[in-house]
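**Student:**
Residue numbers (my numbering): 8 to 211.
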């Protein structure tokens, strides 16, 4: 890798993590300050799960786990009436929902290439939307379950609001996924990649 390519790689690496910090902080601030005033049918989309969906596909499982844990902690502080519910949902749901949607590690890709295994992968924007919707679905399911076991009768309105939240969060994710991913990765034309030593796999 030439000096110019290395410098460009490092600047792109720095930009990605600055955008990650920006997304994490402003996603939370917009969720608590702006989104309560943005309602359709009395329901606000969940911007935190929009950010989590974008981070899952763009940054991977480890970083989105920490983002989910941070959001869970902050929301638990804001809504302390339900013991550790938000902390548990945001952390655990983010972790498990990241497995089917996050990009595969480079080592796994090299292994698949070495054994001539081809797998069809969904486009990044679609995985982002599905990840955000799945997280929202888990969140609403847990909330409805908690309402039910608390002795409150569930009605069609409760279920409708839950599905509307999933739908609105998916639409908002679709609107934000393309510009935010462009901000994260920049122009992907001939993007430099820091090369490492080849990975050697041995048969057992």
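Note that the Cβ used here is the ideal one computed from N, Cα and C, for glycine as well.
1) For residue 85, does the count of other Cβ atoms within 10 angstroms reach 16, so buried, or fall short, so exposed?
2) Sort 52, 60 and 173 by Cα distance to residue 187 and report the nearest one.
3) Rounded to a whole number of angstroms, what is the C-alpha to C-alpha distance between residue 65 and residue 42?
4) At a cut-off of 8 Å, is residue 41 close to the ligand FAD when judged by its beta-carbon and the heavy atoms of the ligand?
5) Nearest CA to the CA of residue 73: which residue from 99, 83 and 54?
6) Between residue 185 and residue 191, what straight-line distance do the alpha-carbon atoms span, to the nearest angstrom?
7) Where does residue 59 fall in DSSP's three states?
8) Would you report the Cα separation of residue 57 and residue 158, rounded to the nearest angstrom?
9) Report all residues from its chain with a CB closer than 7 Å to the CB of residue 177; omit the five preceding and five following residues, and keep chain order.
**Tutor:** Let me lay it out:
1) By the Cβ-count criterion, residue 85 is exposed, with fewer than 16 other Cβ atoms from all chains shown falling within 10 Å of its own Cβ.
2) Per the Cα distances, 60.
3) Near 24 Å, if we compare the C-alpha coordinates of residue 42 and residue 65.
4) Annotation note on the ligand FAD: not contained in the displayed structure, which lists no ligands.
5) When only C-alpha atoms are compared, the closest one is 99.
6) Rounded to whole angstroms, residue 185 to residue 191 spans 10 Å at the Cα level.
7) If DSSP states are grouped into helix, strand and coil, residue 59 belongs with the helices.
8) Taking the straight line from one Cα to the other gives about 31 Å.
9) Excluding sequence neighbours, residue 177 sits near 136, 139 and 140.
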